[in-house]
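K.L.:
In our numbering, the protein residues as written are 427 to 633. Each residue gets a CB set at the ideal place from its N, CA and C atoms; glycine is no exception. There's a structure below that I have some questions on.
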Amino acid sequence: MNSSLFLHLTNEDVEKYLKDVYASINDFDAGEYIFKSGDNPQYLMILLEGSLQVEFLDETGKRIIINRFTEPGTVVGEVFLCLNNTNYEYDLLAVSHSRVLFIDGDRYKNGKGNAFEIVRENMTSILASKAYYLNRRLVGFSAYSLRRRIIEFLNIRADDKGMVNLKMTRGEMADFLGVTRPSLSRELMKMKDEKLIEINNKDIILL
């Protein structure tokens, strides 16, 4: 299995580890919740295919999108599992039909042996990377203009040619950036007119 959680483990090691942690695979239809705010974390999850979205409703009922995962092998739900006795504070939604691998949380945290130690060490790097990403996003929300936030959003997702495939609707992007869809659309059109970006459906090219 191709996941940073299993870095430095052989295929045989991973297969044995998954048996030891009672791993199971579940499928979710688009619009189905994997977990909701207030649920008790019991599993470590790995996205195998599909698209998952982390979101919550603010005090006004507006949806805020925290993150979206589309890369197979992405670890999900690890923060609250590692905190112990802390319920989820957000929802995890399947945006498209998705397949998720579940690892028993107690087995992950308390299992003995070399593979268990390596997986927990790998988790440290995963948590650090996500903390860095969330810190960049927090800075963007608190200090940047809408244009700067859009550029930061695109830079994080651009390939080496400056191409960004959004994999989300314009409305979802607006929810992610914490703005209204009309405001986002106006700013994107201004950036296009100023030849800062090109827009082709869901593809945006940084110029």
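With distance defined between alpha-carbon atoms, name the residue in 541, 480, 510 nearest to residue 441.
P.N.:
541
K.L.:
Excluding the 5 residues flanking residue 427 on each side, which residues of the same chain have their C-beta closer than 6 Å to its C-beta?
P.N.:
440
K.L.:
Could you tell me how far apart the beta carbons of residue 495 and residue 502 are, in whole angstroms, since I believe they sit closer than 8 Å?
P.N.:
6 Å
K.L.:
Could you tell me if residue 531 is buried or exposed, where buried requires 16 or more neighbouring beta carbons within 10 angstroms of its beta carbon?
P.N.:
buried
K.L.:
Cβ atoms of residue 447 and residue 534: under 8 Å apart, would you say?
P.N.:
yes
K.L.:
Starting from the C-beta of residue 579, find all residues in its chain whose C-beta is less than 8 Å away, skip the five residues before and the five after it, and write them out in chain order.
P.N.:
566, 599, 602, 603
K.L.:
Have a look at residue 476 and residue 457 and give me their C-alpha separation to the nearest angstrom.
P.N.:
12 Å
K.L.:
Quick one: Cα of residue 617 to Cα of residue 591, how far?
P.N.:
17 Å
K.L.:
If I follow the unbroken beta strand (DSSP E) through residue 589, where does it start and stop?
P.N.:
Counting along the chain, the beta strand (DSSP E) containing residue 589 begins and ends at 589 to 591.
K.L.:
Among the residues of its own chain, which have a CB less than 6 Å from the CB of residue 464, if the five just before and after it don't count?
P.N.:
513, listed in sequence order.
K.L.:
Taking only three categories from DSSP, how would you classify residue 517?
P.N.:
The answer is strand: DSSP assigns residue 517 an E or B state.
K.L.:
Determine the burial state of residue 608: buried for a count of at least 16 other Cβ atoms within 10 Å of its Cβ, exposed for fewer.
P.N.:
So residue 608 counts as exposed.
K.L.:
Does DSSP put residue 447 in a helix, in a strand, or in coil?
P.N.:
coil
K.L.:
Counting only beta-carbon separations shorter than 8 Å, does residue 460 have a partner in chain C?
P.N.:
Among the protein chains of the structure shown there is no chain C, as only one such chain exists.
K.L.:
Starting from the Cα of residue 572, find the closest Cα among 552, 483, 605, 519 and give me that residue.
P.N.:
The alpha carbon of residue 572 has as its nearest neighbour, out of 552, 483, 605, 519, the alpha carbon of 605.
K.L.:
Quick check on residue 555: buried or exposed, where buried means 16 or more other Cβ atoms within 10 Å of its Cβ?
P.N.:
Exposure of residue 555 is indicated by the presence of fewer than 16 other C-beta atoms within 10 angstroms of its C-beta.
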